[in-house]
Amino acid sequence: MTTLLIVDGANVVGSVPDGWWKDRRAAAERLRDRLARQAAEGVEGLPGPVEIVLVVEGAAKGVAPVPGVRVDEAPGSGDDRIVELAAGARSAPGECVVVTADRELRERVSAVGARTVGPRTVYG
Numbered sequence: 006m007t008t009l010l011i012v013d014g015a016n017v018v019g020s021v022p023d024g025w026w027k028d029r030r031a032a033a034e035r036l037r038d039r040l041a042r043q044a045a046e047g048v049e050g051l052p053g054p055v056e057i058v059l060v061v062e063g064a065a066k067g068v069a070p071v072p073g074v075r076v077d078e079a080p081g082s083g084d085d086r087i088v089e090l091a092a093g094a095r096s097a098p099g100e101c102v103v104v105t106a107d108r109e110l111r112e113r114v115s116a117v118g119a120r121t122v123g124p125r126t127v128y129g
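Per this note's numbering, the sequence shown runs over residues 6 to 129.
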């Protein structure tokens, strides 16, 4: 069974002080490219392959998907969209894991059955 890895793009990008605030879309693209390399192999604690969904919002919108990474543009709150995706994954086979350091989001996705891991899992 494949693990669904939902990545809180804003939170993960914001965890690395590399000037992301100057160009949020470019920062999201760098994250997407990093995730694409991890899709087949997996990430720390999650052997591959993993299905990856990168959730972007606001100024990071416009990031194109690449093989291994689906990009989901949140129509409003990125956190709300992540919860929707995690809740929808309950009926699918496999595990759903959300990558975020946001404490409130961790509680919300845990309530719908997803497991959470921190940004270092993908940006370690």
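In this text, a Cβ means the ideal position worked out from N, Cα and C, and glycines have one as well.
Model, not experiment: these values are computed from the prediction.
Alpha carbon of residue i to alpha carbon of residue j, nearest angstrom
{"i": "residue 24", "j": "residue 110", "result": "24 Å"}
{"i": "residue 123", "j": "residue 60", "result": "15 Å"}
{"i": "residue 18", "j": "residue 83", "result": "13 Å"}
{"i": "residue 31", "j": "residue 67", "result": "10 Å"}
{"i": "residue 94", "j": "residue 88", "result": "10 Å"}
{"i": "residue 112", "j": "residue 121", "result": "9 Å"}
{"i": "residue 49", "j": "residue 39", "result": "13 Å"}
{"i": "residue 44", "j": "residue 125", "result": "16 Å"}
Residue i vs residue j beta-carbon contact at 8 Å
{"i": "residue 119", "j": "residue 71", "result": "no"}
{"i": "residue 90", "j": "residue 77", "result": "yes"}
{"i": "residue 86", "j": "residue 79", "result": "yes"}
Proximity test, residue i beta-carbon vs the ligand ATP heavy atom, cut-off 7 Å
{"i": "residue 40", "result": "In terms of ligand content, the structure shown is empty, and the ligand ATP therefore cannot be addressed."}
Outcome for residue i when other beta-carbon atoms lying within 10 angstroms are tallied against a minimum of 16
{"i": "residue 37", "result": "buried"}
{"i": "residue 46", "result": "exposed"}
Nearest-angstrom beta carbon gap, residue j and residue i [assumed within contact, 8 Å]
{"i": "residue 104", "j": "residue 127", "result": "6 Å"}
{"i": "residue 29", "j": "residue 65", "result": "4 Å"}
{"i": "residue 114", "j": "residue 51", "result": "Not quite, the Cβ-Cβ distance comes to about 16 Å (not below 8 Å), so this is no contact."}
{"i": "residue 14", "j": "residue 33", "result": "5 Å"}
**OP:** Answer yes if the region 9 to 25 comes into contact with the region 43 to 61, meaning at least three C-beta pairs across the two stretches below 8 Å, and no otherwise.
**Re:** yes
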